[in-house]
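Below is one structure, written out as structure tokens; comments come after it.
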Amino acid sequence: MNPQAKLVFAISLLSGTTITISSNHWIVAWTGLEINTLAILPLISKTHHPRAIEAATKYFLVQAAASTLILFSSMTNAWQTGQWDITQLTYPTSCLILTAAIAMKLGLAPFHFWFPEVLQGTSLITGLLLSTAMKFPPMTLFFMTSQSLNPTLLTIMALLSAALGGWMGLNQTQTRKILAFSSISHLGWMAIVIVYCPKLALLNFYLYALMTTAVFLTLNSINTLNLSTLMTTWTKTPALSATLMLTLLSLAGLPPLTGFLPKWLIIEELTKQGVAPAATIIALLSLLSLFFYLRLAYCATITLPPHTTNHMKQWHTNKPTSILVAVLAAASITLLPVSPTILTVV
1 MNPQAKLVFA
11 ISLLSGTTIT
21 ISSNHWIVAW
31 TGLEINTLAI
41 LPLISKTHHP
51 RAIEAATKYF
61 LVQAAASTLI
71 LFSSMTNAWQ
81 TGQWDITQLT
91 YPTSCLILTA
101 AIAMKLGLAP
111 FHFWFPEVLQ
121 GTSLITGLLL
131 STAMKFPPMT
141 LFFMTSQSLN
151 PTLLTIMALL
161 SAALGGWMGL
171 NQTQTRKILA
181 FSSISHLGWM
191 AIVIVYCPKL
201 ALLNFYLYAL
211 MTTAVFLTLN
221 SINTLNLSTL
231 MTTWTKTPAL
241 SATLMLTLLS
251 LAGLPPLTGF
261 LPKWLIIEEL
271 TKQGVAPAAT
281 IIALLSLLSL
291 FFYLRLAYCA
301 TITLPPHTTN
311 HMKQWHTNKP
321 TSILVAVLAA
331 ASITLLPVSP
341 TILTVV
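The sequence shown runs 1 to 346 under UniProt numbering.
Here it is as structure tokens:
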């Protein structure tokens with residue numbers, strides 16, 4: 001794909017996201033989502049591999065169905081209340097349809113089946129866009145309509161996401177599929193708290209995007225698509241492998257690292273709101289995700305290939321993303337001590 005085409009698609013993604021997050025009218029928000037979908041499709045299918053074409057087709061069908069449902073829910077709400085304002089979603093049936101539509105857009109269980117397959121058919125950089133940038137506009141719609149959403153429905157979907165994201169990721173060997181199930185599990189944490197404290201859900205999304213970007217760019221710089229390749233990276237880039245291990249443990253939410261902050265705050269908020277059983281269940285379900293993060297970390301750092309070569313260690317990579325990886329990885333590991341500052345900003 002030539003640079004001009006990439007630039008056009010990147011500008012379209014940026015403008016589509018900006019239109020959606022800055023709009024008050026449902027039709028304008030829907031237009032932004034459609035621009036986003038149309039801009040990402042060529043990036044998914046650019047390799048001309050049958051799996052990439054399949055991934056683009058699945059993505060288009062799911063996103064088109066979700067966009068239709070968003071339009072339908074906003075129209076039924078306007079029919080009943082006379083309001084096209086996003087924050088004025090008050091008709092109960094429209095709220096339920098919108099919850100299902102945005103869950104489909106995000107890949108929240110039980111509408112998650114398309115996401116691992118699409119991610120597996122794309123490159124790591126496109127997979128990064130699908131896991132972070134493409135989920136931001138639907139999350140902002142959740143944020144703006146949070147006071148109208150059904151807490152019971154969202155809690156059930158969140159627990160399902162945490163459970164399925166953990167269980168289905170256990171026996172995976174492809175890094176992109178593992179990160180897809182990780183994304184589904186993290187979405188569960190965001191969905192469970194969005195009704196009670198929307199800002200906390202957005203903070204969780206920002207930190208998740210930060211850590212996932214660090215992992216995707218690290219895997220891209222060492223060109224790793226499965227666990228068997230990941231086992232050979234320690235001999236080539238030991239420093240990067242060690243950083244990857246810490247970033248993965250941060251994604252898992254272990255205490256000294258950045259990823260512990262959103263989980264800690266969400267459990268605290270849920271307990272304050274009187275839904276301690278849900279907090280307990282989702283905390284226990286996160287142990288499933290911890291297992292495959294630990295397995296990734298184990299493959300990256302502790303497992304050595306059977307025949308180690310005696311070539312020189314590669315202490316730096318030639319790709320221009322190495323400085324960005326260093327900054328993102330440092331932020332993914334060390335932000336917990338500055339959590340009081342983050343909380344004052346939020």
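Every residue gets a Cβ at the ideal spot worked out from N, C-alpha and C, and that includes glycine.
{"Item": "Entirely enclosed alpha helix (DSSP H) segments - the segment 103–160, minimum 4 residues", "Value": "114–120, 124–131, 136–144"}
{"Item": "Extent of the continuous alpha helix (DSSP H) to which residue 59 belongs", "Value": "50–81"}
{"Item": "Outcome for residue 25 when other beta-carbon atoms lying within 10 angstroms are tallied against a minimum of 16", "Value": "exposed"}
{"Item": "At least three beta-carbon pairs within less than 8 Å, the segment 271–285 to the segment 206–220", "Value": "no"}
{"Item": "Of the residues 128, 179, 297, 197, the one placed nearest residue 143, counting alpha carbons only", "Value": "197"}
{"Item": "Assigned exposure category for residue 64 - 16 Cβ within 10 Å defines buried", "Value": "exposed"}
{"Item": "Neighbourhood of residue 46 by C-beta distance below 6 Å, restricted to the same chain and skipping five residues each side", "Value": "1"}
{"Item": "Residue 154 versus 322, 122, 69, 98, residue with shortest Cα-Cα distance", "Value": "98"}
{"Item": "Cross-strand partners of residue 174 (DSSP beta bridge)", "Value": "226"}
{"Item": "Residues of its chain near residue 145, where Cβ-Cβ distance is below 8 Å and the 5 sequence neighbours each way are ignored", "Value": "86, 87, 89, 95, 98"}
{"Item": "Supposed close pair residue 251, residue 299 - CB separation, criterion 8 Å", "Value": "Actually they do not touch by this definition, with Cβ atoms about 15 Å apart."}
{"Item": "At least three beta-carbon pairs within less than 8 Å, the segment 19–37 to the segment 66–74", "Value": "yes"}
{"Item": "Burial state of residue 93 (16 or more Cβ within 10 Å)", "Value": "exposed"}
{"Item": "Exposure of residue 49, with buried meaning 16 or more beta-carbon neighbours within 10 Å", "Value": "exposed"}
{"Item": "Neighbour flag for residue 274 against chain B, beta carbons, 8 Å", "Value": "Going by chain labels, chain B is absent from the structure shown, which holds only one protein chain."}
{"Item": "Chain-order list of residues whose beta-carbon lies under 8 Å from that of residue 81 (same chain, five-residue window excluded)", "Value": "88, 90, 91"}
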